[in-house]
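Letter 49 of the sequence shown, counting from 1, is numbered 82 in the numbering used here, and no numbers are missing.
Virtual Cβ for every residue (Gly too), placed ideally from N, Cα, C.
All figures in this text were calculated on a predicted structure; none of them were measured in a lab.
Right, one structure below, let's go through it.
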Amino acid sequence: GIGFGLQNIFNNMVSGLILAFERPIKVGDTVQVGELTGIVKSIGFRSSTIRSFDGAEVIVPNGNLISNEMINWTLSDSFRRMDIRVGVAYGTDPEVVLDLIRQVAEENENVSKEPPPKAYFIGFGDSSLDFRLLAWTDIGNRLSVESDLTVAINRKIVDAGIEIPFPQRDLHIRSDFRENS
């Protein structure tokens, strides 16, 4: 019984040494382990503390960090790609929309200039012409920058008189009554 219990402690300690020497994570990194995503607050000999984006401090055994798949979003740099999708009404000139979307991204000071933002016309949706903006920003600002871009894109599109559609369905009702004689 004691040997089995010590096996986990020993595994976590060896994993702590691996973390110390290989340094796949460091304090301040943004990591994802399973469903947990957050910022590494401390790396101990037996366990590490990750503060989730909800504010919870989660103590993770070092063995879990070594043996499970872990994504380190900030290992080599802190820039991440944003993917914003926009739909506009059929009949809209796609080139105009591409220019508006690209312009919004280029005007935002929190969007990386390298690589430059890219706007694409990706297809014909059920109710809209569909576009996609790919732009890079620092992971710490990602949600607020994505929100700012989405609001600015909406404003530019509305100001240009372009309609943002909503799903529509046509319903055809047949009234075919037959008299029984």
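When you compare only the Cα positions, how much space is there between residue i and residue j?
i, j, result
"alanine 89", "threonine 82", "10 Å"
"phenylalanine 157", "valine 64", "36 Å"
"isoleucine 186", "glycine 96", "45 Å"
"phenylalanine 78", "arginine 118", "44 Å"
"lysine 151", "glutamine 136", "10 Å"
"glycine 71", "isoleucine 134", "31 Å"
"threonine 107", "aspartate 171", "10 Å"
"valine 91", "glycine 67", "13 Å"
"lysine 146", "aspartate 163", "24 Å"
"lysine 74", "glycine 173", "15 Å"
Would you mind reading off the limits of the alpha helix (DSSP H) that contains residue i?
i, result
"aspartate 181", "175 to 192"
"arginine 24", "The structure shown does not extend to residue 24, since the chain is modelled only from 34 to 214, so the question has no answer here."
What are the boundary residues of the beta strand (DSSP E) that residue i is part of?
i, result
"isoleucine 99", "Unbroken run through isoleucine 99 is the alpha helix (DSSP H), 95 to 100; no beta strand (DSSP E)."
"lysine 151", "151 to 157"
"arginine 84", "80 to 85"
Who does residue i pair with in a DSSP beta bridge?
i, result
"glutamine 65", "Thr70, Ile104"
"aspartate 163", "Gly120, Gly156"
"glutamate 90", "Arg84"
- Query: Are the region 119 to 137 and the region 190 to 199 in contact at 8 Å, needing three or more beta carbon pairs?
  - Reply: yes
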